[in-house]
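Numbering (this note's numbering), first residue to last: 12 to 447.
Ideal Cβ positions, reconstructed from N, Cα and C, are used throughout, including at glycine.
Model, not experiment: these values are computed from the prediction.
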Ligand SMILES: Cc1cc2nc3c(=O)[nH]c(=O)nc-3n(C[C@H](O)[C@H](O)[C@H](O)COP(=O)(O)OP(=O)(O)OC[C@H]3O[C@@H](n4cnc5c(N)ncnc54)[C@H](O)[C@@H]3O)c2cc1C
């Protein structure tokens, strides 16, 4: 089947140029694919997006079954200060925002919040430890992991457990990986926008609806091969064939590593070797809705002495006015918990909640994620893995030639693993295709 000439007319595409006779196939309707398509449509290209699942958004997925928008994938805009392309999109798509504050935190021990003096001790000890971690980073060898830092955890007793919880929250859950998976040498090397952290009040799914308006997206089209022809590219999905001048591939690192898409011309050596070193992280969310809230009006909570899995709780009540908690965990424990039954998962999370608050009511409903087990993502987001570096992210994002382009969060050398990184990488791939 030849690429159908379809004209996109969504709001984000209002300034669409005249048809220029060029055509593109975009693999994946995540935020990178949508952003690439919009850029090309604006320049007058005919664009078709092929998406394996039955919805757009990919690792952005807003569940509305609890009567409020709960983001099961991306949930925060990281850095609303200058330069973040999401700030303008939040405004254009009417997402609204809640300013989320990770310092608005309550830690518990034996059913009670810890004392101010204990917070102070913890904060000081953590700052000192991280200072030492930064000097270890300066001396680190290429393949060395963040485990070296964890092995040097200072203190004893509850303070040690508190430091372990801070590290899990700030490093492992944030980067969706265990310390032993993460590069020490390249820790925190990617760039970040400054400013507030926002949660979209209407859910990130509203952004996807806004971006996808008017774009030609074919759902349930799992691309199995990408080939070059004399004139352009030929992609296959099931029994169907699609042709265009160029293709932009936006699937995750995990999907590329799984080789479910066959590149008939082979991957470039640089891309193949980067993929061997790169790694997908896993972060798991368990969402619990209660009849009423029994917790303080803070944003973030934790039980440092709760043992494994280490869980970080976020309170959705200030955002959406409903008694809903989201428990996050990462790495090996997240991969294990993806496989347990709903009943077992609920009991693991409730044990932490009872450790924080004593006797509590049972949750009314529970939602959970399985980003690692999903064949369409194979993890939550890419990490800078021990043995890898941002050069690998850059290599992944390089075009093969003037026909096959790559985009997605992991292709962003500066803003890897984020929504804004995925958007910028999609736009960049589209600009490269236009120039080719
Ligand atoms: C739990 C979790 C929490 C996160 N939290 C945040 C956060 O708070 N803030 C933030 O900035 N970022 C966060 N992220 C990261 C963010 O969601 C991603 O960086 C971003 O959404 C990736 O977009 P993408 O377009 O690169 O990839 P994807 O969204 O993965 O899009 C790729 C698309 O390709 C499709 N696909 C796969 N295989 C095929 C095939 N063979 N043929 C056709 N289509 C295929 C997939 O179905 C998918 O729709 C989080 C992610 C997760 C999972």
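Residue span of the alpha helix (DSSP H) that contains residue i, given as start and end
i: residue 297; result: Counting along the chain, residue 297 falls outside any alpha helix (DSSP H), though it belongs to the beta strand (DSSP E) covering 294-300.
i: residue 101; result: 96-103
i: residue 46; result: 42-53
i: residue 218; result: 215-223
i: residue 342; result: 342-348
Distance between beta carbons of residue j and residue i, contact taken as under 8 angstroms
i: residue 184; j: residue 362; result: In fact, because the Cβ distance is near 18 angstroms, the residues do not count as touching under 8 angstroms.
i: residue 450; j: residue 257; result: Residue 450 lies beyond the range of the chain shown here (12 to 447); nothing can be said about it.
i: residue 161; j: residue 188; result: Rounded, the Cβ-Cβ distance is 12 angstroms, inconsistent with contact.
i: residue 226; j: residue 395; result: Residue 226 to residue 395, Cβ: 32 angstroms. No contact.
i: residue 207; j: residue 91; result: 4 angstroms
i: residue 349; j: residue 392; result: Residue 349 to residue 392, Cβ: 15 angstroms. No contact.
i: residue 89; j: residue 178; result: With a Cβ gap of about 19 angstroms, residue 89 and residue 178 do not count as contacting.
i: residue 41; j: residue 433; result: 7 angstroms
i: residue 334; j: residue 300; result: 7 angstroms
i: residue 408; j: residue 261; result: Rounded, the Cβ-Cβ distance is 11 angstroms, inconsistent with contact.
i: residue 294; j: residue 341; result: 5 angstroms
i: residue 398; j: residue 216; result: Contact flag wrong, Cβ pair sits at about 36 angstroms.
Per-residue burial, residue i [other beta carbons within 10 Å of its own, 16 or more giving buried]
i: residue 31; result: exposed
i: residue 351; result: exposed
i: residue 374; result: buried
i: residue 16; result: With a pLDDT of only 37 at residue 16, under the threshold of 50, the placement of this residue in the model should not be trusted; the figure read from the coordinates follows. Residue 16 should be labelled exposed.
i: residue 404; result: buried
i: residue 443; result: buried
i: residue 231; result: exposed
i: residue 199; result: exposed
i: residue 102; result: exposed
i: residue 70; result: buried
i: residue 439; result: buried
i: residue 429; result: buried
i: residue 114; result: exposed
i: residue 12; result: Residue confidence for residue 12 is low, a pLDDT of 38 falling below 50, so the modelled location carries little weight and cannot support an answer.
i: residue 27; result: Confidence at residue 27 is low in this model, with a pLDDT of 43, below 50, so its placement is unreliable and the value that follows should be read with caution. Counting Cβ neighbours within 10 Å, residue 27 comes out buried, since at least 16 surround it.
i: residue 168; result: exposed
i: residue 446; result: exposed
i: residue 165; result: exposed
i: residue 59; result: buried
i: residue 431; result: buried
i: residue 240; result: exposed
i: residue 436; result: buried
i: residue 46; result: buried
i: residue 319; result: exposed
i: residue 287; result: exposed
i: residue 25; result: Since pLDDT at residue 25 reaches only 42, below the 50 mark, its modelled position is unreliable, and no value is offered.
i: residue 310; result: buried
Residue span of the beta strand (DSSP E) that contains residue i, given as start and end
i: residue 208; result: 208-211
i: residue 139; result: Segment 127-150 is the alpha helix (DSSP H) holding residue 139; no beta strand (DSSP E) there.
i: residue 120; result: 116-120
i: residue 439; result: Per DSSP, residue 439 belongs to no beta strand (DSSP E); it is in the alpha helix (DSSP H), 430-446.
i: residue 2; result: Beyond the ends of the chain as shown, which are 12 and 447, falls residue 2; an answer cannot be given.
i: residue 416; result: 415-417
i: residue 61; result: 57-61
i: residue 499; result: Residue 499 is absent from the model: the chain starts at 12 and stops at 447.
i: residue 392; result: 392-394
i: residue 421; result: No beta strand (DSSP E) holds residue 421; DSSP gives it neither H nor E.
i: residue 36; result: 34-38
i: residue 111; result: 108-111
CB contact check: residue i to chain B, cutoff 7 angstroms
i: residue 90; result: No chain B appears in this structure, which consists of one protein chain only.
Residue nearest to residue i in terms of C-alpha spacing, selected from the options
i: residue 196; options: 401, 238, 212; result: 401
i: residue 85; options: 77, 97, 76; result: 97
i: residue 336; options: 343, 326, 342, 330; result: 326
i: residue 10; options: 423, 268, 304; result: As displayed, the chain neither begins before 12 nor continues past 447, which places residue 10 out of reach and without an answer.
i: residue 174; options: 156, 210, 134, 371; result: 134
i: residue 123; options: 94, 370, 354; result: 370
i: residue 107; options: 213, 234, 341; result: 213
i: residue 451; options: 163, 319, 328; result: The displayed coordinates of the chain run from 12 to 447. Any statement about residue 451 would go beyond what the structure contains.
i: residue 345; options: 354, 68, 296, 306; result: 296
i: residue 219; options: 66, 274, 253, 210; result: 66
i: residue 415; options: 237, 267, 138, 298; result: 237
i: residue 418; options: 282, 125, 233; result: 282
i: residue 305; options: 365, 105, 111; result: 365
i: residue 269; options: 144, 83, 388, 148; result: 388
i: residue 43; options: 54, 125, 61, 55; result: 61
(request) Please specify which runs of the alpha helix (DSSP H), each continuous and at least 4 residues long, are wholly inside the region 351-387, giving them in chain order. (result) Every alpha helix (DSSP H) of 4 residues or more that sits fully in the region 351-387 is shown, in chain order, as 353-368.
(request) Counting only runs of 4+ residues fully inside the region 161-198, write out the alpha helix (DSSP H) ranges in chain order. (result) Runs found: 168-178.
(message) Suppose only complete runs of 4+ residues qualify. What are the alpha helix (DSSP H) ranges in the region 233-299, listed by chain order?
(response) 264-269, 280-288, all fully within the region 233-299.
(request) Would you list, in sequence order, the uninterrupted beta strand (DSSP E) runs of no fewer than 3 residues that lie entirely inside the region 312-339? (result) Taking 3 residues as the minimum length, the beta strand (DSSP E) runs contained wholly in the region 312-339 are 323-326, in order along the chain.
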